[in-house]
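Asker: Mind having a look at this structure? Questions to follow.
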Amino acid sequence: MHSPDWDDLRFVLAVADCGTLSAAARVLNVTHATVLRRIQAFEEAHGGAVFERGAQGYRLLPERIRVIDAAREVAQAVASVQNLMQGGTGTIAGQVRLASTDTLCQSVLPGFLAEFAVRHPEVRVEVMQGN
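In terms of the numbering used here, the sequence shown opens at residue 2 and continues consecutively.
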């Protein structure tokens, strides 16, 4: 079995957070095709699908939730290392509650929140949507 590197997990986590390859590509600043190739390579290397593909995008398979949980732990560890190397003594952590309209929750927030999660993995964001 192939041992995952952080870059592989970054792509998987971005797709899990964004729900679509296009949104993940924007967050990661790469092309849609690059995200697709990296997800396919990860799944092939590890012997199974992580996502169910559908017309609305990519949905995490229920049996792969632990994969994403582990990827988030890696993201937190990487953020801690980066912070320590830059002379920081702590990381931003905690919970944020955000209220927004249905439209923004479906169009703008997924990409923004995915990028935020990569930059601040120890911050939990709770989104409440409504009109």
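Glycine included, C-beta positions come from ideal geometry on N, C-alpha and C.
Can you give me the start and stop residues for the beta strand (DSSP E) that Gly144 sits inside?
Answerer: Missing from the structure shown is residue 144; the chain here goes from 2 to 132 and no further.
Asker: According to DSSP, is Glu44 helix, strand or coil?
Answerer: Of the three classes helix, strand and coil, the one that applies to Glu44 here is helix, per DSSP.
Asker: Among the residues of its own chain, which have a CB less than 7 Å from the CB of Arg60, if the five just before and after it don't count?
Answerer: Phe52, Glu53
Asker: Where does Leu61 sit, in a helix, a strand or coil, going by DSSP?
Answerer: strand
Asker: By how many angstroms is the C-alpha of Asn30 removed from the C-alpha of Val119?
Answerer: 13 Å
Asker: If you check the beta carbons only, do Ala115 and Val28 fall under 7 Å apart?
Answerer: yes
Asker: Are the beta-carbon atoms belonging to Val126 and Gly95 less than 7 Å from one another?
Answerer: no
Asker: Can you tell me whether DSSP reads Val51 as helix, strand or coil?
Answerer: coil
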